[in-house]
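These notes concern the structure reproduced below.
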Amino acid sequence: MSNINKNNPQLNRLLDIMQQLRDPNTGCPWDQKQNFESIVAYTIEETYEVADAIFSGNMVDIKDELGDLLFQIVFYAQLAEEQKNFDFEDIAQSISDKLVRRHPHVFQATELKTDDELNLQWEKIKLQEREVAARPNDKSVLANIPIGMTPLLRAQKIQRQCSKVGFDWTEIPPVVDKIHEEIEEVLAEVNASEPNQQAVEEEIGDLLFAVVNLARHTSVNAETALIKANRKFEKRFRQVEQVIEKQGLSMESADMQQMEAAWQLIKSR
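The sequence shown: position 178 = 178 (my numbering), numbered continuously.
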């Protein structure tokens, strides 16, 4: 494994540990049999655990989870080096070169730009990069949006790209009207004499897409908002369980009115 810098002993140590874990003779059997595809799920999981730690505000947890995520990158680097494709140093060089290339207003003698000018410059540079890399000649504004993004993030990215060419509302009221329209269409399918589950699913998908659009228009990241909503609901529900238990009941024996009363009590606090 290539040493990055003698002044980074812990990074070198991590790279050496990864190499030992993958050693075909003395390494860990689990690590030995992994490949690029098999650890993708773990990478995604670690990314969410980083986000969860950040939202919890515990700096020790954030440090630990960032370490787990860094290990994923080191793992990919080791796999690639074994295949003689690239190593960790190549990864670091690649992102460093890209950051310098995409920020000429910082690393070159150019004037600072407005946000709109910076966004335009960013997209222009990315387009040039794709041309140099000889990527498939997909000229759609939606080209190169990763399929592997979570649905909420991908919906937001699709909408943002469409907005760049003017395919977007400029005010919030029509965005809200669209949400109401989609709710009505969901209810129409749900209340049909013979509900079609596939149609219900499609309309709920349209509703979710419309809600993501509202998040985007209000400068809210839909993924972050939902993560926080999940955390808030979980915290309140656990408190409801405690209230119900103090009443000598269980969640299974309590009726909906008792649970709703406990929920309102928790909200009022």
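Just so you know, even glycine gets a beta-carbon here, dropped at the ideal spot from N, CA and C.
Give me, in chain order, the residues of the same chain whose beta-carbon lies closer than 7 Å to that of Glu-241; leave out the 5 immediate sequence neighbours on both sides. Here residue 241 corresponds to residue number 241 of the sequence shown, with the count starting at 1. Taken in chain order, the residues that qualify are Met-251.
Please list the terminal residues of the continuous alpha helix (DSSP H) segment that includes Pro-24. In the sequence shown, counting from the first residue as 1, residue 24 sits at position 24. Looking at the DSSP string, Pro-24 is not in any alpha helix (DSSP H), and its letter there is neither H nor E.
Using 9 Å as the threshold, is the C-beta distance between Arg-22 and Glu-82 below it? Within the sequence shown, numbered from 1, the residue matching residue 22 stands at position 22. Within the sequence shown, numbered from 1, the residue matching residue 82 stands at position 82. In this structure, Glu-82 lies closer than 9 Å to Arg-22 by Cβ.
Under 9 Å between C-beta atoms of Glu-184 and Ala-199: In the sequence shown, residue 184 corresponds to position 184, counting from 1. In the sequence shown, residue 199 corresponds to position 199, counting from 1. For Glu-184 and Ala-199, no; Cβs fall outside 9 Å.
Apply the 10 Å Cβ neighbour rule to Phe-36 and answer buried if 16 or more other Cβ atoms are within range, or exposed otherwise. For the purposes of this step, residue 36 is taken as the residue at position 36 of the sequence shown. Phe-36 is exposed by the Cβ-count criterion.
Tell me which same chain residues have a C-beta within less than 7 Å of the C-beta of Ile-125, skipping the five on either side of it? Residue numbering aside, residue 125 sits at position 125 when the sequence shown is read from its first letter. Within the same chain, Ile-125 has close Cβ partners Arg-101 and Arg-102.
What does the alpha-carbon distance come out to for the pair Asn-271 and Gly-205? This structure leaves residue 271 out entirely; the chain is present only between 1 and 269.
What distance in whole Å lies between the Cβ atoms of Gln-156 and Arg-216, which are believed to be in contact at a cut-off of 8 Å? For this step, residue 216 is matched to residue 216 along the sequence shown. For this step, residue 156 is matched to residue 156 along the sequence shown. That pair is a contact at about 6 Å.
Length at least 3, wholly inside the stretch 44-87: the beta strand (DSSP E) runs in chain order: none
When you compare only the Cα positions, how much space is there between Asn-58 and Ile-91? Along the sequence shown, read from residue 1 onward, the residue named residue 58 stands at position 58. Along the sequence shown, read from residue 1 onward, the residue named residue 91 stands at position 91. Rounded to the nearest angstrom, the two C-alpha atoms are 29 Å apart.
For Asp-102, which of helix, strand or coil comes out of DSSP? The residue labelled residue 102 in the question sits at position 102 within the sequence shown. For clarity, residue 102 is Arg in the given sequence; the question names Asp instead. Of the three classes helix, strand and coil, the one that applies to Arg-102 here is helix, per DSSP.
For Val-211, count the other beta carbons within 10 Å of its own beta carbon; 16 or more makes it buried, fewer makes it exposed. Which is it? Along the sequence shown, one-based indexing puts residue 211 at 211. With 16 or more other Cβ atoms within 10 Å, it is buried.
Glu-46 and Asp-68 closer than 9 Å at C-beta: Working through the sequence shown from its first residue, we reach residue 46 at position 46. Working through the sequence shown from its first residue, we reach residue 68 at position 68. Yes, the Cβ-Cβ distance between Glu-46 and Asp-68 is below 9 Å.
Nearest CA to the CA of Phe-107: which residue from Leu-153, Leu-99 and Thr-114? Start at 1 with the first residue of the sequence shown, and residue 107 comes out as number 107. Taking only the C-alpha atoms, the option nearest Phe-107 is Leu-99.
By the three-class DSSP mapping on this structure, what secondary structure does Gln-20 have? In the sequence shown, the residue the question calls residue 20 occupies position 20. Gln-20 falls in the helix class under three-state DSSP.
When you compare only the Cα positions, how much space is there between Asn-221 and Glu-49? As a position in the sequence shown, residue 221 is number 221, starting the count at 1. As a position in the sequence shown, residue 49 is number 49, starting the count at 1. C-alpha separation (whole angstroms): 18 Å.
Tell me, to the nearest whole angstrom, how far the beta carbon of Leu-249 is from that of Gln-239; I am working on the premise that it is less than 8 Å. Position 249 of the sequence shown, counted from the start, is the residue given in the question as residue 249. Position 239 of the sequence shown, counted from the start, is the residue given in the question as residue 239. 15 Å between Cβ atoms; not a contact.
Cutting at 7 Å between CB atoms, please list the residues of its own chain near Leu-152, excluding the five before and the five after it. On the sequence shown, residue 152 is found 152 positions in, with the first residue counted as 1. Answer for Leu-152: Val-212, Ala-222, Glu-223 and Leu-226, listed in chain order.
Look at the Cβ atom of Gln-161, then the Cβ atom of Leu-142, and state whether they are nearer than 9 Å. Taking the sequence shown and counting its residues from 1, one reaches residue 161 at position 161. Taking the sequence shown and counting its residues from 1, one reaches residue 142 at position 142. Cβ distance < 9 Å, so Gln-161 and Leu-142 count as in contact.
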